[in-house]
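Chains as they are written, first to last, in this note's numbering: chain A, 858 to 905; chain B, -4 to 454. All remarks here apply to the structure that follows.
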């Protein structure tokens, strides 16, 4: 595409079927303690 | 939902429902902006007129771009329809496990920071240390309520947990005894002000703790303004050498040097750069949690300056990475390829449901920020959850539960935000802390821009 570059990302919609194992870190256990950010949490199963 | 913005010379288009990120040129940016509101012919007319001075922008070229956009839509990477709302409600309603505890092993502190949300570690109550018995029971409560979850998280928190270190050590030992028996894996976090860290404590922490959070506000004069001991002496000169020793001996395991910024240091990037210059590479800096009207509370006038600071930070991080001296910032750590699934994104931190705080007496609260507020007492580790009404209230919190969030492009990045912030700002956990939202959205825009910069640079 001449005018659009799509960055490689995980397709969130596809994780409806195989996500939700719940094994990932609780966000407040990392560093914030005062805000809720989940986008920077790592998936425990990168295949999902 | 599509969110478009321009930052640091990049034109960025987010398709938030699929998580897709597109870096586009000016022409494509303008076309995407009107793609859903204008006809194709009208778009061609408008773009030809707008770019009349650009010979490369032809009718054929615009039609090609329109085809590309249609292909992205067809592939589920642009204008993706949001179907997650029911999923958010049902998933959280059906999830009854507890997987993380914030253990308040010490409601006391050896620092006397006037801005502390926990009122010098006492949480507006009595000073106390958690007994080994209460701590063990809390770990048992976690195991008993964790269902099939294998990874269980425990944060040793306070106050200052180092003031009850023998209990911390004994609890880690106990957890290691029981985890194998129950097919669990305990991950510990240790949050400390660093005032009394001995080599022996450092070795233990580095061996047993999955993550360490080291509290430092940045430059000496900034840190020592609030972070002082009871004699009024600043903590910087004591804690920085301790933190350096801990990090040097940590062997690459996870840690964060974490600070708080207030109205007094709106130029907080200078504090982050100071931390980086001290040799720390894993950094976090959070806006102060305080009632409006406090002299150090962040103000509306601070907001544009803070936005600028987040941009300065992102640009400096890109620069330092290119120079081979990178550091990370917690809120900019987006992994677009391996980030969280939709269930994580819609349910959020899990406060009050899968995550709770435990007081030194074993009382359960939805999270550390509710500790000491009797309205939010959930029960205790001996008798379990008794206040199901409050817990149900937390169970309804998700990325769609607030009307404002349903129409917000960032709701799959923040999951509807922090319930405690909402409560403190509006009196209800179902409210919206708008100031925090503005900062959060700016941080995400910067974080995505950094990813775009890296991807474009890689070409």
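In this text, a Cβ means the ideal position worked out from N, Cα and C, and glycines have one as well. The structure presented is a predicted model; accordingly, all values stated were derived computationally and were not measured.
is_contact[residue i, chain A] using C-beta, thresh 9 Å
i                      : result
residue 424 of chain B : no
residue 102 of chain B : no
residue 350 of chain B : yes
residue 222 of chain B : no
residue 69 of chain B  : no
residue 218 of chain B : no
residue 412 of chain B : yes
residue 258 of chain B : no
residue 345 of chain B : yes
residue 79 of chain B  : yes
residue 446 of chain B : yes
residue 376 of chain B : no
residue 166 of chain B : no
residue 253 of chain B : yes
residue 208 of chain B : yes
residue 271 of chain B : no
residue 362 of chain B : yes
residue 317 of chain B : no
residue 309 of chain B : no
residue 439 of chain B : yes
residue 435 of chain B : yes
residue 301 of chain B : no
residue 133 of chain B : no
residue 431 of chain B : yes
Cut-off 7 Å between Cβ atoms - residues of its own chain near residue i, not counting five sequence neighbours on either side
i                      : result
residue 144 of chain B : 92, 94
residue 338 of chain B : 86
residue 323 of chain B : 276, 277, 278
residue 310 of chain B : 3
residue 71 of chain B  : 13
residue 218 of chain B : 211, 212, 229, 230, 231
residue 367 of chain B : 118, 119, 120
residue 405 of chain B : 435, 436, 439
Local conformation of residue i per DSSP, three classes
i                      : result
residue 364 of chain B : helix
residue 237 of chain B : helix
residue 312 of chain B : helix
residue 185 of chain B : strand
residue 324 of chain B : strand
residue 119 of chain B : coil
residue 338 of chain B : helix
residue 286 of chain B : coil
residue 206 of chain B : strand
residue 245 of chain B : coil
residue 469 of chain B : Because residue 469 of chain B is not part of the residues shown, which for chain B are -4 to 454, the question remains open.
residue 168 of chain B : helix
residue 157 of chain B : helix
residue 905 of chain A : With a pLDDT of 42 at residue 905 of chain A, under the threshold of 50, the modelled position of that residue is not reliable, and the figure given next carries that caveat. The answer is coil: DSSP assigns residue 905 of chain A none of H, G, I, E or B.
residue 868 of chain A : coil
9 Å Cβ cutoff met for residue i and residue j
i                      : j                      : result
residue 357 of chain B : residue 389 of chain B : no
residue 96 of chain B  : residue 350 of chain B : yes
residue 13 of chain B  : residue 864 of chain A : no
residue 184 of chain B : residue 206 of chain B : yes
residue 858 of chain A : residue 344 of chain B : no
residue 273 of chain B : residue 190 of chain B : no
residue 22 of chain B  : residue 52 of chain B  : yes
residue 104 of chain B : residue 175 of chain B : no
residue 330 of chain B : residue 902 of chain A : no
residue 257 of chain B : residue 291 of chain B : yes
residue 122 of chain B : residue 147 of chain B : no
residue 5 of chain B   : residue 444 of chain B : yes
residue 255 of chain B : residue 302 of chain B : no
Any C-beta of chain B under 9 Å from that of residue i
i                      : result
residue 905 of chain A : Low per-residue confidence applies at residue 905 of chain A: pLDDT is 42, beneath 50, and the placement is therefore not dependable, though the value from the model is reported in the following sentence. Chain B, which has a Cβ nearer than 9 Å to the Cβ of residue 905 of chain A, makes this yes.
residue 866 of chain A : yes
Close Cβ partners of residue i (< 6 Å) along its chain, the five nearest in sequence each way excluded
i                      : result
residue 75 of chain B  : 10, 12, 13
residue 416 of chain B : 428, 431
Cβ shell of residue i (< 8 Å), same chain only, five flanking positions each side left out
i                      : result
residue 83 of chain B  : 341, 342, 393, 394, 395, 396
residue 162 of chain B : 100, 124, 125, 126, 127, 130
residue 308 of chain B : 264, 267, 324, 327, 441
residue 142 of chain B : 91, 92
residue 42 of chain B  : 22, 25, 26, 52, 57
Partners in chain E for residue i, counting only beta-carbon separations shorter than 7 Å
i                     : result
residue 75 of chain B : Among the chains of the structure shown, chain E does not appear; the protein chains present are A and B.
Point to revise | Where the segment 325 to 343 of chain B meets chain A: residues whose CB sits under 7 Å from a CB there | key: 325, 326, 328, 329, 330, 331, 332, 333, 334, 335, 336, 337, 338, 339, 340, 343
Point to revise | Short-range partners of chain A found in the segment 85 to 113 of chain B, where Cβ spacing is below 9 Å | key: Against chain A - using a Cβ distance shorter than 9 Å - the residues of the segment 85 to 113 of chain B are 86, 90, 92, 94, 95, 97, 112.
Check your understanding: For the segment 37 to 66 of chain B, which residues have a beta carbon sitting closer than 7 Å to at least one beta carbon of chain A?
Key -> 59, 60, 63
Practice item. Would you list, in chain order, the members of the segment 2 to 19 of chain B that have their beta-carbon closer than 7 Å to a beta-carbon of chain A? Key: For the segment 2 to 19 of chain B, the set of residues with a beta-carbon nearer than 7 Å to any beta-carbon of chain A comprises 12, 13, 14, 15, 16, 17, 18, 19, in chain order.
**Study point:** Within 8 Å of chain A by C-beta, residues of the segment 382 to 410 of chain B in sequence order
**Key:** 407, 408, 409, 410
Check your understanding: Got a sec: which bits of the segment 178 to 189 of chain B sit with their beta carbon under 7 Å from any beta carbon on chain A, in order along the chain?
Key -> 184
Check your understanding: Going along the chain, which residues of the segment 141 to 152 of chain B sit with their C-beta nearer than 7 Å to a C-beta in chain A?
Key -> 144, 145, 146, 148, 150
Check your understanding: Which residues, in order along the segment 118 to 129 of chain B, keep a beta-carbon less than 9 Å from a beta-carbon of chain A?
Key -> none
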